[in-house]
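Here the structure is laid out as structure tokens; the discussion comes afterwards.
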DNA sequence: GAAGTTATGCTACTTAGGTAGTTTGCATTT
DNA sequence: AAATGCAAACTACCTAAGTAGCATAACTTC
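Right, dumping it as structure tokens:
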């Protein structure tokens, strides 16, 4: 009884921010958290088709994990999602119980709350009200993936890079977050391009004064220039 | 009472083939079908953000409907899904109840079974067992979208076209189905390219003897050549 | 503080795919 | 059967993005 209260008290803000369990009462949280335990994974931990992922469900409480795909022939990587605080995984395995062919890598030192998949399923059957939550969350993910697909088809690398930057500016601090300390290679993986090409575009943005770059560091200097560029990208036929 | 029995008897094979309701008993089908009615939409009917779609859920019983996206600037189209017999839509609206920003167009004369969204939701709440079905179906769709994204990033147009062809060969008849009577433009929309480029690749395939083409007609002549081409595409770095 | 590693910056080159425009041919309509 | 319209075929051209390679800078670690 003490454990789950401790977990809950410790991570209230993170858990409350968890979209999948949006609006869940404290009582239900405590009931669910009985089954959770905390795990720590060091930075750069790489999880390749880990059996464990079929059997556990995780809530990230601190750090970033990239979920990515590797092309078996070209060995190129594509980052599908950059998971962070309050994100959960793997929803896919929860939903249909089959193995999800993706890879995971910790970009920071990670803390997660873990629950055995079958216990989550039991809890869900006991509280079927939350099925609705899960469905609508899945719906949101699908829309995200769908717009992702369209963006890949409709827009060029330069636009995709601009969007990536603009979408990761914290509206309060006006500073780039989540992706600000990634090397060019990781940025390329996020938008489906290569290091050289991303660097070419970043250099252009540096020259027009909108960003500042250093080793593993991108900083926004003038977001209005970025926004203007984005508009022009759209206009040019 | 007569109506839903008639609907069920009329469309047994189609409904039983419906993945979303996979394994549902006849009794449950009859219970659910009470709320359905049949609708016919003529070929080329175009549905643009139809309010109706928020309030109804459809099962296609005959004909094809393309679900597509349009880039507001370039006005290019991208076909997300080619829905056919036994497919359902719009799952997204069912799942989170918000408007789905896509377009629909009937490629054939269409027959659908329609149910008011809230009645489906009521039925689902009465039979929460089926939430699990819906979740796992959504999971499958997500995996599909995900692999779609990766394919766009990892493979070129030529490979995407080859895959499209190979994936739509009926394993019994060995003939191309679903996409065999589409104009080049529609094929282009399916793989995220343009008519001219698709035609260029089709000409190449015609020359190597793997396909036969005519106005709005693609026919497989030798699938082994297509499969060999696909293999080579993968090998070349 | 030397050696090794990783990330960036840049140049030069190649190529697939997009674009534009014209011709040809098939099919529907009147 | 003539006329219209759409789809396909083909040519020529342009460009963004991928590729290869190397020099330099910035961190590690021993």
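Chains as they are written, first to last, in UniProt numbering: chain A, 1 to 237; chain B, 1 to 237. Glycine included, every Cβ here is placed at the ideal spot set by N, Cα and C. Computed from a prediction, not measured in an experiment: that's the story for all the values here.
Check	Outcome
Please tell me whether residue 116 of chain A has its Cβ less than 7 Å away from any Cβ of chain B.	no
So is residue 34 of chain B in contact with chain A if we call contact Cβ pairs under 7 Å?	no
Does any CB atom of chain B fall closer than 7 Å to the CB of residue 23 of chain A?	no
Could you tell me which whole alpha helix (DSSP H) segments of length 4 or greater appear in the UniProt domain "Cyclic nucleotide-binding" (20-121) of chain B?	26-33, 52-55 and 91-96
So that I know if they touch, is there some Cβ in chain B lying closer than 7 Å to that of residue 189 of chain A?	no
Report the residues of the region 134-146 of chain B with a CB closer than 7 Å to any CB of chain A, ordered along the chain.	134, 135, 136, 138, 139, 140, 141, 142, 143, 145 and 146
Helix, strand or coil for residue 216 of chain B per DSSP?	coil
Please compile the residues from chain A whose C-beta is within a distance smaller than 7 Å of the C-beta of residue 192 of chain B.	153
If you run the structure through DSSP and keep just helix, strand and coil, what is residue 153 of chain B?	helix
When you compare the CB positions of residue 95 of chain A and residue 139 of chain B, do they come within less than 7 Å of one another, or not?	yes
What's the C-alpha gap between residue 137 of chain A and residue 22 of chain B?	22 Å
Around the C-beta of residue 193 of chain A, are 16 or more other C-beta atoms found within 10 angstroms, so that it is buried, or is it exposed?	buried
State yes or no: is the beta carbon of residue 42 of chain B nearer than 7 Å to at least one beta carbon in chain A?	no
To be precise: take each residue of the region 79-92 of chain A, compare its Cβ to all Cβ atoms of chain B, and keep it if any distance is under 9 Å. Which residues remain?	80, 91 and 92
Taking 8 Å as the cut-off, does the region 30-47 of chain B touch the region 118-128 of chain B (at least 3 CB pairs, one atom from each stretch)?	yes
With H, G and I counted as helix, E and B as strand and the rest as coil, what does DSSP make of residue 135 of chain A?	helix
Should residue 44 of chain A be labelled buried (16 or more other beta-carbon atoms within 10 Å of its own) or exposed?	exposed
Report the residue from B:101, B:125 and B:79 whose alpha carbon sits nearest the alpha carbon of residue 107 of chain B.	B:79
Can you check whether the C-beta of residue 238 of chain A is within less than 7 Å of a C-beta belonging to chain B?	Outside the shown range of chain A (1 to 237) lies residue 238 of chain A, about which nothing can therefore be said.
For the region 40-74 of chain B, which residues have a CB atom closer than 7 Å to at least one CB atom of chain A, in sequence order?	69, 71, 73 and 74
Could you work out which residue in A:6, A:105, A:125 and A:82 is closest to residue 48 of chain A when comparing CA atoms only?	A:105
Helix, strand or coil for residue 165 of chain B? Go by DSSP, reduced to three states.	helix
So what's residue 176 of chain B in DSSP terms, helix, strand or just coil?	strand
Which residues of chain B have a Cβ atom closer than 7 Å to the Cβ of residue 253 of chain A, listed in chain order?	As shown, chain A starts at 1 and ends at 237. That puts residue 253 of chain A outside it, with no answer to give.
Compute the Euclidean distance between the alpha carbons of residue 233 of chain A and residue 153 of chain A, then round it to the nearest angstrom.	15 Å
Is there a C-beta anywhere in chain B that falls below 7 Å from the one on residue 96 of chain A?	yes
Is the separation between the beta-carbon of residue 176 of chain B and that of residue 220 of chain B shorter than 7 Å?	yes
Give me, in chain order, the residues of the same chain whose beta-carbon lies closer than 6 Å to that of residue 158 of chain A; leave out the 5 immediate sequence neighbours on both sides.	201
Taking just the CA atoms, how far does residue 30 of chain A sit from residue 41 of chain A?	24 Å
Measure the C-alpha to C-alpha separation of residue 130 of chain B and residue 82 of chain B and round it to an integer number of angstroms.	25 Å
Can you tell me whether residue 224 of chain B is buried or exposed, with buried defined as 16 or more other CB within 10 angstroms of its CB?	exposed
Quick check: the Cα distance between residue 296 of chain B and residue 66 of chain A, rounded to an integer number of angstroms?	The structure shown does not extend to residue 296 of chain B, since chain B is modelled only from 1 to 237, so the question has no answer here.
Since residue 202 of chain A is in the alpha helix (DSSP H), which residue starts that stretch and which ends it?	195-207
Identify the contact partners of residue 119 of chain B in chain A, using a Cβ-Cβ distance below 9 Å as the criterion.	In chain order: nothing, as chain A lies at least about 16 Å away.
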